[in-house]
Every structure is written in structure tokens, then in C-alpha cells.
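*Asks:*
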Amino acid sequence: MNITIVGARAIGSHLAQLLSKNNHSISLMDDDESCLESLSKDLDVMMVHGSANSVKDLKLAGAQNADLFIAVTPHESENTNACILAKALGAKKTVAKVDSYEYMEDEIGDFFRKIGIDRLIYPEMLAAEDICNGLKMSWVRQRWDVYGSSLVMLSIKLRDACTILNKPLKEICGPDDPYHVVAIKRQGETIIPGGDDSLELYDLAYFMTTKNYIPYMRKIVGKEDYVDVKNIIFMGGGGTAVRALLNIPEYMNAKVIEQDEDRCEYLADILPTDVTIIHGDGRDLDLLQEEGIRNTQAFVALTGSTETNILACLTAKRLGVRKTVAAVENTDYISMAESLDIGTLINKKTIAASNIYQMMLDADVNNVRFLMTANADVVEITAHENSKVTKNKIYELGLPKGITLGGLVRNNEGMLISGSTQIQAGDVVMAFCHDVDIKRLEKFFN
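By this note's numbering, the letter at position 222 of the sequence shown is numbered 339, and the numbering carries on one by one without gaps.
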């Protein structure tokens, strides 16, 4: 596949790194030559120094032959304009990163498709969705719902109160049990477990279950004493915080601590009146105490500084907050944040990259999400008529190492998958892929 990426900053460089491993022909263009030079040491892609607004430069980057043209510069207008020009030149699919929420409305999306932009990506909105899903349950690190919660994946840190530790999985989650363990993160390593593996203290375990069994999951992992999130403090009032605050459940009470006075005034104009806006530094212990940090169940740090977010979450934990969320834009800090038990980690570039990657897949893929903490992809994929996956039971398919199928949705009803499961055409399957190209999974579903 021929791929042209315009914008070599956070999202563009991450995409180029991700896609270059899969033998695609990639060109990466940016107007900052020094940015390209620093990336050229690590990336085996064609570097093009040029402008997103130049037809000549776009041609040099191969836009006219692109199967997928991706514009992810820091400037929304550059991205949309580049996609319009690339489509006119002959690009088959185009995707643009935008910063305006109004562009995500369905009727406006139709307008953009008519002028040559097939897909719009708004990273702040995607990150906010992850944050809101995680805040709904204080005892999980991450939650992902499929088909209106017909199927649910929960990422849970296992503590002393967990009742299913140190037992072979074949004894605690067999075909008749209401959950499966699809992956385990242990001391920096991701494990796709078999029946003889067991869960250990401090593992980060990924469970597949159905919505009605969530209370049961909470009980067996020993999290019943975790108070549900009602009071939240956000540190940083940027775009991600705004989108999250506009979408949190009505029963939650939120406060925002923002250092920039002008930004505080802006937040007061656009956020609901029941959101308290505080001008100050979220790392100020006296301020946190004054604003009721000890009666707060969740602390969300979304400033532009990864280090600040990590330190603020550590402070909140020491003051008794159980649920912490940190924006970690510098991926070099992810391992450190995990070792410090920060909680939920949010990285906009990996979320956006997963969303864009979905456009490259040939099978009927409904959603792709990269899980930073597990270094793995979770994929919602639909089985086609006469596809390989429908011809044999799961244990007979010979799935590649690193792929596990956790559950499926059939006729809007979620069910777990075991070795004897027979997948049918039309089933929506949730697959977990660690250290394996999703294209290998596709072959079973086409």
C-alpha cells in the first residue's frame, strides 16, 4: 500500500513508525527539515521537505498515487486543504486531523466527504471518550464496550483482595464461567495466557465479560470497597478536558484547576454552570486540600507536560484519591508511569493512530484500539460469509501466536468464546492482538 503522511510531529511520526513495520511504501512530509532529519535515523521511509499547501510538494510526496493520504500537521486548515488537493490529484482515501468539534457532526462529515476528505480525526474527542468510560467505574483501569455493552473488556489491577490469584486459568475461567482472561501485563511483559497460566498479585489483567456480569467481576477481583466516582478534579483545561467535562455523567461533580487566567474565563463561557473553575496550580497541596481532594474519587491530569501530570497524580494518590488519569504524550515515560502505579494513561497520538490504521484494513473492521499498557491492539471485526473463521471451531483454526478471540456479538447478544465455539457469518468478534500484525487476523475473516 502507498501511504503519504503530511505532518511529522507526534501523530505522523508514530504512524510512520507503526506502518513502516508492515512493508508499506511510506512517504513522510513536513515543512520542518530538522524534524525530518531527526526521524530519518529511526525510520525507513521517504522523507520529503515541503508544504502541505503546495501541489508541487504533494506530488513529490506521492499524493497522486496514495492509497491512503493522511494529513496530521498541527494546523487544521492545512490538513483539510491538503486532503482536498490530494484527492484531486488522485489519492484514493484521505484523512485529516481537526481541532473543531463541530466538524464531527454527521451532516458536516457528509459535506467534507463531498469535497474530498473521507475521514476526520479529532484526537481530543477520542481521548475524552476513553477518559469518560474509565471514570464510570473507579475500580477499573480501562473499559471498552462493544455493541451497546453487549460485550465488555475490563482492564483491572489485581490487589491482595482478589479471590482468583494463583489458580490455573483452566480452573477459574472455563467455558461455563462468565469471563475470560485475554491478556496479562506482568512486570513490563504482556502475556497471552493459556489454561495453565495463573493470575498473580499486581498483574494488570484484561478480562472479557458481558454487561450483566460486571458486578460479579467486581466481587471476584476484590474491588467492592472502591467507592464509585462522584467527585472529580481535572488539572488542565485544554481541549481534551473540555470534551470530557461535556460528556461525563450528570451525577458526577467536577472541578477544573487551570493556571491560565484567560483560559479560565473561556472555560466559564463554554462549560456547564455546575462545573467549578479554579485559577491555580494543580500541584499546590494547599489548594488541593482547600478544594476537597480528600473527598475526591478521581483526579485527571491533562496538562501539556507529561512530567507534571505524573507528579500530580502521585500527589493525588498520596492524598487518598484512588482513581487517577494522566495524559502521557511522551511515550518514553509510559513504563515509568506504570511502575509508579499511576492508573489510567492517555496518549492522544496512539489513540488517533489506531483510528487511522483502521482505514487500511480490508476486512469488516468496526474498531481498532491500541492499548499502550499492553502493547497490543483490540479489534472489533465482523466475520464474512464463507470466511475461514466460519469453517472450523476456534481450536481448529490455527490462529497465529499472539492472537486470542475473547468474545462475540450475535443478534445483538454478547457471548464469550471458547475453543469449541463456532463463529458464524455476521458475528462481530473482539480479538486481542499482541506483537502480531492485524493483517494476519484479517485473513481469517475475509
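Glycine residues also receive a C-beta, built at the ideal position from the N, C-alpha and C atoms.
1) Take residue 241 as the anchor and find which of 156, 136, 356 and 195 has the nearest alpha-carbon.
2) From what residue to what residue does the beta strand (DSSP E) around residue 238 run?
3) Given this structure, state the Cα-to-Cα distance separating residue 480 from residue 561, to the nearest angstrom.
4) Quick check on residue 282: does DSSP put it in helix, strand or coil?
5) Which residue from 181, 277, 408 and 446 puts its Cα closest to that of residue 433?
6) In chain order, what residues of the same chain have a beta carbon less than 6 Å from the beta carbon of residue 390, not counting five sequence neighbours either side?
7) Helix or strand or just coil, what does DSSP make of residue 535?
8) Since residue 156 sits in a beta bridge, which residues does DSSP pair it with?
9) By the three-class DSSP mapping on this structure, what secondary structure does residue 328 have?
10) Quick check: what's the CA-CA separation for residue 188 versus residue 214?
11) What distance in whole Å lies between the Cβ atoms of residue 445 and residue 425, which are believed to be in contact at a cut-off of 8 Å?
12) In three-state DSSP terms, what is residue 190?
13) Is it buried or exposed, residue 528, if we count other Cβ atoms within 10 angstroms and call 16 or more buried?
14) Roughly how many angstroms lie between the CA atoms of residue 331 and residue 223, to the nearest whole one?
15) Which residues in the same chain have their Cβ closer than 7 Å to the Cβ of residue 411, if we skip the five residues on either side of it in sequence?
16) Within the continuous beta strand (DSSP E) that includes residue 415, where are the two ends?
17) Using DSSP bridges, identify the partner residues of residue 560.
18) Check the DSSP bridge columns for residue 165 and list the partner residues they point to.
19) Helix, strand or coil for residue 555, going by three-state DSSP, please let me know.
20) In three-state DSSP terms, what is residue 443?
21) Just reading off the alpha helix (DSSP H) that residue 453 is part of, what are its end residues?
22) What is the residue span of the alpha helix (DSSP H) that residue 406 lies within?
23) Nearest by alpha-carbon distance to residue 341: which of 157, 273, 458 and 463 is it?
24) According to DSSP, which residues form a beta bridge with residue 259?
25) Could you say which of 160, 148, 128 and 150 lies nearest to residue 142 if we only look at CA atoms?
26) Judging by CA-CA distance, which residue of 179, 227, 219 and 196 is the nearest neighbour of residue 209?
27) Since I believe residue 392 is in contact with residue 431 (beta carbons under 8 Å), could you give me their beta-carbon distance rounded to a whole number of angstroms?
28) Could you check the C-alpha separation between residue 263 and residue 150 for me, to the nearest Å?
29) Just tell me which of 552, 127, 122 and 387 has its CA closest to the CA of residue 196.
*Replies:* Looking at the atomic coordinates:
1) As a working note, residue 241 is residue 124 in the sequence shown. It is 356 whose Cα lies nearest to the Cα of residue 241.
2) Your numbering for residue 238 matches position 121 in the sequence shown. Counting along the chain, the beta strand (DSSP E) containing residue 238 begins and ends at 236 to 238.
3) By one-based count along the sequence shown, residue 480 stands at place 363. By one-based count along the sequence shown, residue 561 stands at place 444. Below a pLDDT of 50, predicted positions are generally treated as unreliable, and residue 480, at 46, falls in that range; no measurement from the model is reported.
4) For the purposes of this step, residue 282 is taken as residue 165 along the sequence shown, with counting starting at 1. In the structure shown, residue 282 sits in a strand (DSSP, three-state: E or B).
5) Residue numbering aside, residue 433 sits at position 316 when the sequence shown is read from its first letter. Comparing Cα-Cα distances from residue 433 to each of 181, 277, 408 and 446, the minimum goes to 408.
6) Numbered from its first residue, the sequence shown carries residue 390 at position 273. Correct list: empty, nothing qualifies.
7) As a first step, residue 535 is located in the sequence shown; it is residue number 418 there, counting from the start. Coil, per DSSP.
8) The residue given as residue 156 occupies position 39 in the sequence shown. The partner list for residue 156 (beta bridge, DSSP) is empty, contrary to what the question assumes.
9) To locate residue 328, count along the sequence shown from 1; it is residue 211. Helix, per DSSP.
10) Reading the sequence shown from its first residue, position 71 is the one you call residue 188. Reading the sequence shown from its first residue, position 97 is the one you call residue 214. The alpha-carbon atoms of residue 188 and residue 214 are separated by roughly 6 Å.
11) To locate residue 425, count along the sequence shown from 1; it is residue 308. To locate residue 445, count along the sequence shown from 1; it is residue 328. The pair is not a contact, with the Cβ atoms about 11 Å apart (cut-off 8 Å).
12) Numbered from its first residue, the sequence shown carries residue 190 at position 73. Residue 190 falls in the coil class under three-state DSSP.
13) Within the sequence shown, residue 528 is the residue found at index 411, counting from 1. The residue is exposed, with fewer than 16 neighbouring Cβ atoms inside 10 Å.
14) Here the question's residue 331 lines up with position 214 in the sequence shown. Here the question's residue 223 lines up with position 106 in the sequence shown. When rounded, the distance between both Cα atoms is 32 Å.
15) Looking up residue 411 in the sequence shown gives position 294. Closer than 7 Å at Cβ, skipping near neighbours: 436 and 437.
16) What you label residue 415 is simply residue 298 of the sequence shown in a count that begins at 1. It spans 415 to 418 - the beta strand (DSSP E) in which residue 415 sits, taken as one unbroken run.
17) The residue you call residue 560 lines up with position 443 of the sequence shown. According to DSSP, residue 560 bridges with nothing at all.
18) Residue numbering aside, residue 165 sits at position 48 when the sequence shown is read from its first letter. According to DSSP, residue 165 bridges with 146.
19) Taking the first residue of the sequence shown as position 1, residue 555 is located at position 438. Note: residue 555 maps to helix in three-state DSSP.
20) Taking the sequence shown and counting its residues from 1, the one referred to as residue 443 is at position 326. Residue 443: strand per DSSP, three-state reduction.
21) One-based indexing of the sequence shown puts residue 453 at position 336. Residues 451 to 456.
22) Locating residue 406 in the sequence shown gives position 289, counting from the first residue. First-last of the alpha helix (DSSP H) with residue 406: 402 to 407.
23) One-based indexing of the sequence shown puts residue 341 at position 224. Of the candidates 157, 273, 458 and 463, the one whose C-alpha sits nearest the C-alpha of residue 341 is 273.
24) As a first step, residue 259 is located in the sequence shown; it is residue number 142 there, counting from the start. According to DSSP, residue 259 bridges with 272.
25) By one-based count along the sequence shown, residue 142 stands at place 25. Among 160, 148, 128 and 150, the Cα nearest to that of residue 142 is on 160.
26) Working through the sequence shown from its first residue, we reach residue 209 at position 92. It is 179 whose Cα lies nearest to the Cα of residue 209.
27) Locating residue 431 in the sequence shown gives position 314, counting from the first residue. Locating residue 392 in the sequence shown gives position 275, counting from the first residue. Not a contact, Cβ separation roughly 25 Å.
28) Along the sequence shown, one-based indexing puts residue 263 at 146. Along the sequence shown, one-based indexing puts residue 150 at 33. Taking the straight line from one Cα to the other gives about 43 Å.
29) Residue mapping note: residue 196 aligns to position 79 of the sequence shown, counting from 1. Nearest C-alpha to residue 196: 122.
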